[in-house]
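If you're matching positions, the sequence shown starts at 4 in my numbering and goes up one per residue. Cβ atoms here follow ideal geometry from the backbone N, Cα and C, with glycine treated the same way. Bear in mind the structure is a predicted one, so any value in this text is a computation, not a measurement. Below: one structure, written as structure tokens.
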Amino acid sequence: MRIDIITVLPELLESPLNHSIVKRAREKKLVEINIINLRDFTSDKYRSVDDYAFGGGAGMVMMIEPVFRAIEKLKNERDYDEIIYTSPDGEKFNQKMANRLSMNKNLLILAGHYKGVDQRIRDHLITMEISIGDYVLSGGEIPAAAITDAIVRLIPGAISDEQSALSDSFQDDLLAPPVYTRPSEFQGWKVPDILLSGNTGEIEKWRHEQSLERTQKLRPDLSNYE
Ligand code: SAM
């Protein structure tokens with residue numbers, strides 16, 4: 004799989020995509036991630052990629068030309084399954100979307116900045132718009148990193164124990180059960196006996212019941228989760 008990310012702040016993406024599971028997936032060649040600096044596509048002598056908004060008002064807008072040039076160059080090199088724009092008014096990101104996107108071959112993500120990108124890019128080139136929640140961040144880099152991380156950990160082989168990803172929250176519309184590690188008792192706080200019993204069938208049953216209980220208590224809406 005290949006994920007290309009267009010950004011005005013490549014430095015912001017370097018670290019989150021160079022650690023832990025994503026780093027190992029890149030090393031194992033399960034995913035190729037390319038960070039593309041939008042400023043490489045501007046003809047402006049100051050390398051600026053923003054301009055004033057038509058109609059006035061506060062805030063700058065990502066210019067159409069550099070974004071168009073960057074996307075067109077990449078599209079000429081390969082077919083993208085989706086060209087994603089990160090935006091607070093996009094479709095709310097969730098595990099089902101991550102699962103679906105993890106099955107693609109080539110993804111392109113445009114991280115927005117300033118007041119956002121010129122609407123004509125969204126109208127003509129973007130195929131999917133994703134929000135990571137109902138709040139506004141300063142730029143699309145953190146959303147792009149979050150989306151990429153959620154997708155990459157689902158690629159077969161990215162996590163050494165594949166069951167681990169499958170038992171995460173939101174797979175099967177359930178929250179994950181509680182987890183414990185050694186010591187089995189700390190300051191009088193005990194690990195549930197069942198987890199020390201060695202009875203794998205009963206442990207699985209207990210975990211499932213805990214997942215159901217947690218979901219009903221904390222996220223009853225998940226049964227209608229799309
Ligand atoms: N004026 C925009 C609005 O009110 O919708 C917000 C612009 S925000 C300061 C700059 C960029 O950050 C956005 O274009 C988008 O790419 C990204 N961004 C901010 N919050 C986001 C969120 N919750 N989900 C996805 N992207 C977000």
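{"Check": "Separation of T184 from V194, as counted between CA atoms", "Outcome": "8 Å"}
{"Check": "Below-7 Å beta-carbon distance, S170 vs any chain C residue", "Outcome": "Considering every chain present, this structure includes no chain C. It has just one protein chain."}
{"Check": "L15 versus S214, A148, T89, residue with shortest Cα-Cα distance", "Outcome": "A148"}
{"Check": "Three CB pairs or more closer than 8 Å across the stretch 45 to 63 and the stretch 83 to 92", "Outcome": "no"}
{"Check": "Contacts around P91, its chain only, beta-carbon distance under 6 Å, and the 5 residues preceding and following it disregarded", "Outcome": "S134, V139"}
{"Check": "Integer Cβ distance of E214 from L199, believed to fall under 8 Å", "Outcome": "First, the residue type needs correcting, since residue 214 is Ser and not Glu in the sequence shown. Actually they are not in contact, since the Cβ atoms of S214 and L199 sit about 20 Å apart, beyond 8 Å."}
{"Check": "Any non-hydrogen atom of ligand 1 closer than 6 Å to K118 Cβ", "Outcome": "yes"}
{"Check": "For D53, the residue or residues it bridges with in DSSP", "Outcome": "M65"}
{"Check": "Reference G93, options G143, T151, E68, D175, closest by Cα", "Outcome": "G143"}
{"Check": "Residue closest to I124, alpha-carbon to alpha-carbon, out of G191, L104, M66", "Outcome": "M66"}
{"Check": "Candidates D176, F96, T203: closest to D152 by CA position", "Outcome": "F96"}
{"Check": "C-alpha distance - K208 paired with E30, whole-angstrom precision", "Outcome": "36 Å"}
{"Check": "Limits of the alpha helix (DSSP H) - the one that D137 falls within", "Outcome": "No alpha helix (DSSP H) holds D137; DSSP gives it neither H nor E."}
{"Check": "Cβ-heavy atom distance, T10 to ligand 1, below 6 Å", "Outcome": "no"}
{"Check": "Closest Cα partner of Q174 within the set N109, G115, E205, N102", "Outcome": "N102"}
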